[in-house]
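Novice: Whatever position you read off the sequence shown (first residue = 1), add 1 for the numbering used here.
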Amino acid sequence: MTTLDSAKAWLEQDPDPVTRAELEALIPAAEGGDAAAMDALRDRFDTRLAFGTAGLRGELGAGSNRMNRVLVSQAATGFARWLLDRDENASVVIGYDGRVNSDVFARDSAELMAGAGVRVVLLPRMLPTPLVAFAVRHLGVSAGIMVTASHNPPRDNGYKVYLGGRDGGSQIVAPSDEQIHAAIVAVAETEVIGDLPRSTDYEVADESVIDAYVERAAAVALDETAERVTVPFVYTAMHGVGWEVSQRVFAAAGLGEPTVVAEQIEPDGAFPTVAFPNPEEPGAMDLSFETARRVGAALIIANDPDADRLAVAVPDSSEAAGWRRLSGNAVGALLGWRVAERLQRSGTQAKLAASLVSSPALAAVASAYGLSYSDTLTGFKWISRVGGLGYGFEEALGYLVNPGTIRDKDGISAAVDFVALVGELAAAGKTLDDHQHEFDERFGAFASAQVSLRVTDLSRIGAIMAALRDNPPSEIGGVRVSQVDDFIGGFGVFPAGDILRFWMLDGSRVIVRPSGTEPKVKVYIDASSDAGSVDERRASATARVAALEAGMRELIA
Numbered sequence: 002m003t004t005l006d007s008a009k010a011w012l013e014q015d016p017d018p019v020t021r022a023e024l025e026a027l028i029p030a031a032e033g034g035d036a037a038a039m040d041a042l043r044d045r046f047d048t049r050l051a052f053g054t055a056g057l058r059g060e061l062g063a064g065s066n067r068m069n070r071v072l073v074s075q076a077a078t079g080f081a082r083w084l085l086d087r088d089e090n091a092s093v094v095i096g097y098d099g100r101v102n103s104d105v106f107a108r109d110s111a112e113l114m115a116g117a118g119v120r121v122v123l124l125p126r127m128l129p130t131p132l133v134a135f136a137v138r139h140l141g142v143s144a145g146i147m148v149t150a151s152h153n154p155p156r157d158n159g160y161k162v163y164l165g166g167r168d169g170g171s172q173i174v175a176p177s178d179e180q181i182h183a184a185i186v187a188v189a190e191t192e193v194i195g196d197l198p199r200s201t202d203y204e205v206a207d208e209s210v211i212d213a214y215v216e217r218a219a220a221v222a223l224d225e226t227a228e229r230v231t232v233p234f235v236y237t238a239m240h241g242v243g244w245e246v247s248q249r250v251f252a253a254a255g256l257g258e259p260t261v262v263a264e265q266i267e268p269d270g271a272f273p274t275v276a277f278p279n280p281e282e283p284g285a286m287d288l289s290f291e292t293a294r295r296v297g298a299a300l301i302i303a304n305d306p307d308a309d310r311l312a313v314a315v316p317d318s319s320e321a322a323g324w325r326r327l328s329g330n331a332v333g334a335l336l337g338w339r340v341a342e343r344l345q346r347s348g349t350q351a352k353l354a355a356s357l358v359s360s361p362a363l364a365a366v367a368s369a370y371g372l373s374y375s376d377t378l379t380g381f382k383w384i385s386r387v388g389g390l391g392y393g394f395e396e397a398l399g400y401l402v403n404p405g406t407i408r409d410k411d412g413i414s415a416a417v418d419f420v421a422l423v424g425e426l427a428a429a430g431k432t433l434d435d436h437q438h439e440f441d442e443r444f445g446a447f448a449s450a451q452v453s454l455r456v457t458d459l460s461r462i463g464a465i466m467a468a469l470r471d472n473p474p475s476e477i478g479g480v481r482v483s484q485v486d487d488f489i490g491g492f493g494v495f496p497a498g499d500i501l502r503f504w505m506l507d508g509s510r511v512i513v514r515p516s517g518t519e520p521k522v523k524v525y526i527d528a529s530s531d532a533g534s535v536d537e538r539r540a541s542a543t544a545r546v547a548a549l550e551a552g553m554r555e556l557i558a
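1. Look up residue 336 in the DSSP assignment and say whether it is helix, strand or coil.
2. What does the Cβ neighbour count give for residue 201, buried or exposed, with the cut at 16 atoms within 10 Å?
3. Are the Cβ atoms of residue 71 and residue 14 separated by less than 8 Å?
4. Threshold first: 4 residues or longer. Then list the alpha helix (DSSP H) segments lying entirely within the region 378-444, N to C.
5. Identify the continuous alpha helix (DSSP H) that holds residue 214 and give its terminal residues.
6. Between which two residues does the alpha helix (DSSP H) containing residue 109 stretch?
7. Take the Cβ of residue 258 as the centre, count every other Cβ of all protein chains shown within 10 Å, and call the residue buried at 16 or more, exposed below.
8. For residue 500, tell me which candidate among 492, 488, 494 has the shortest Cα-Cα distance.
9. Applying the criterion that 16 or more other CB atoms from any shown protein chain within 10 Å of the CB defines a buried residue, is residue 273 buried or exposed?
10. Could you check where the alpha helix (DSSP H) with residue 466 kicks off and where it finishes?
11. Would you identify the three-state DSSP class for residue 553, choosing helix, strand or coil?
12. State the CB to CB distance for the pair residue 23 and residue 121, rounded to an integer number of angstroms; the pair is presumed to be in contact (CB under 8 Å).
13. Taking only the alpha-carbon atoms, compute the straight-line gap between residue 355 and residue 253 and give it to the nearest angstrom.
14. Could you give the C-beta distance for residue 462 and residue 503, rounded to a whole number, given that I count them as a contact under 8 Å?
15. Rounding to the nearest angstrom, what Cα-Cα distance links residue 301 and residue 327 in this structure?
16. Excluding the 5 residues preceding and the 5 following residue 20 in the sequence, name in chain order all residues of the same chain whose CB lies nearer than 6 Å to its CB.
17. Between residue 542 and residue 506, what straight-line distance do the alpha-carbon atoms span, to the nearest angstrom?
18. State the Cα-Cα distance for the pair residue 96 and residue 467, rounded to the nearest angstrom.
19. For residue 238, name the three-state secondary structure that DSSP assigns.
20. Measuring CB atoms only, is the region 227-246 touching the region 296-316, in the sense that at least three cross pairs come out at less than 8 Å?
21. If we call anything under 8 Å between Cβ atoms a contact, is residue 81 one with residue 117?
22. Should the region 372-386 be called in touch with the region 183-201, which here means at least 3 C-beta pairs below 8 Å?
23. Would the region 141-156 and the region 206-219 be scored as touching if the rule is three or more Cβ pairs under 8 Å?
24. Helix, strand or coil for residue 171? Go by DSSP, reduced to three states.
25. Is residue 46 near residue 66, with beta carbons less than 8 Å apart?
26. Can you confirm whether the region 311-320 touches the region 278-297 when touching is taken to mean that 3 or more C-beta pairs between the two stretches lie within less than 8 Å?
27. Which residues share a DSSP beta bridge with residue 72?
28. Determine whether the beta carbon atoms of residue 444 and residue 332 lie at a separation below 8 Å.
29. Give the DSSP bridge partners of residue 163, in chain order.
30. What separation, rounded to the nearest whole angstrom, lies between the Cα atoms of residue 329 and residue 30?
31. Between residue 133 and residue 91, which are expected to be in contact by the criterion C-beta below 8 Å, what is the C-beta distance as a whole number of angstroms?
32. For residue 269, tell me which candidate among 7, 379, 99 has the shortest Cα-Cα distance.
33. Taking 8 Å as the cut-off, decide whether the C-beta atoms of residue 546 and residue 450 are in contact.
34. Taking the alpha carbon of residue 32 as the point to measure from, which residue in 439, 3, 57, 197 has its own alpha carbon closest?
35. Tell me, to the nearest whole angstrom, how far the beta carbon of residue 249 is from that of residue 215; I am working on the premise that it is less than 8 Å.
36. I'd like to confirm the pairing. Which residues does DSSP put opposite residue 514 in its beta bridges?
Structure, rendered in structure tokens:
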């Protein structure tokens, strides 16, 4: 089938007037010889969004390479049939955020999956991703779907999938992702979505699911033995859906009411105040800094739009804004230390885990407390599956502080734990800087950096990875490479992945991989030092990271 034939067939079954209008303009233009229109159709139809790492994720628009009602209908039907092949009594909980069409995609999915014979529970309104991950376990269903593109650009949307039962509420991994993708393609190739059975005979969850999540998330900070004061803090939802639930959890945990960033507190799929609704992006937290300066806050808490990630900022007079965002590695290490203390007090043995691109600091904490530790491939779908998990994190602002409740990163529970930590430090007359100094003194000083190369031509990603494999550097930033680990065919206990890890002669580390969700090559650099004073340790680790960062920028430019 030609590109034009595919576009016309798609148009015939597209129920969305917005995406129909795109095709009704592009198809005649392409037939009339408009090269730009033909290129636009090829971009939309000559490939297909694959059901993979994070389910589906892509730009809104018409075509098999976009997020739209036709694609979602095919995905929901294919997923339903795959679930029913596994369990004739299959069930699913479906949630959605505040992005454009999230509610539409969720209701299409509910009707089509119910029509296919799956028991469907739809969450009652737009809610954070952690609610879906929690509900899979809480309701005992076979699967969960969250319609979200998390922190992606405003024009994106997506479809995130969890599996219950033996998968314990974790995200999908191979071979399930490939099997689901094949089931979706089979629907796309053989059926018209208007002919698929639909049903409105699905359940809408009541408030008890949300109440149960609030109770369990607040319990993270309900330590009756801890002396704590209420600290003034600022909260931003980054135009997402985190505020309603976060507000309730903060109150239930006795943390008080934060000052909100008013311009970003309500869900808005246009994300009008940020170019990228990701707290890691430059400028994304500027309004938070402004609000915190105005009210004299001690802490800033930011969730990404679906509230599965957490960003933290602290006062810092050396910064132009007067505030400094902590890295995901710094927050992850401090929360890990806090969990290790809890495990020690309760006499519980559990494992700490982090993605292999995250700081080695957590491994140092585990060693000091006699706890086992695991590195995993990137992504919480791997962290959440570690046996006996007590805590896990990834440097991309993802933290799991309560794996008995949820099996995915949870920016709300993590926020509660961090605010409680700062309150306990304040009660003891200490600051977060004091606490970090104690960490560096006890476990060593750790420094990290990241290089992200965004590309417009996706072939560049493969070319960069191939060049590093075919001609690996003997030194980076003036430091000799002592070992290269290539994960492409699997490495040790790790399954195959497009990852290169360079060990340096001084013990530092560089990891290179393509992003799983964005058109980027990502480089992760880590070094540590436990020699000398805390200031000397920090200076040594920071200098080594800076040299490696400069070297890697030259290599992949």
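We put the beta carbon where it would ideally sit given N, CA and C, even for glycine.
No experiment lies behind these values; they were computed from the predicted model shown.
Specialist: Quick look at the numbers:
1. helix
2. exposed
3. yes
4. Listed in chain order, the alpha helix (DSSP H) runs fully inside the region 378-444 are 381-384, 412-428, 433-444, counting runs of at least 4 residues.
5. 208-220
6. 103-116
7. exposed
8. 488
9. exposed
10. 460-471
11. helix
12. Not really, about 30 Å apart at Cβ, beyond 8 Å.
13. 29 Å
14. Not really, about 18 Å apart at Cβ, beyond 8 Å.
15. 10 Å
16. 63, 69
17. Cα to Cα, the separation comes out at about 14 Å.
18. 40 Å
19. Residue 238: coil per DSSP, three-state reduction.
20. yes
21. yes
22. In short, these stretches do not touch, since the Cβ pair count stays below three.
23. no
24. strand
25. yes
26. yes
27. DSSP, once it has assigned bridges, lists no residue as partnering residue 72.
28. no
29. 145, 172
30. 48 Å
31. That pair is no contact at about 16 Å.
32. 99
33. yes
34. Ranking the options by Cα distance to residue 32, first place goes to 3.
35. 5 Å
36. Note: residue 514 sits in a beta bridge opposite 523.
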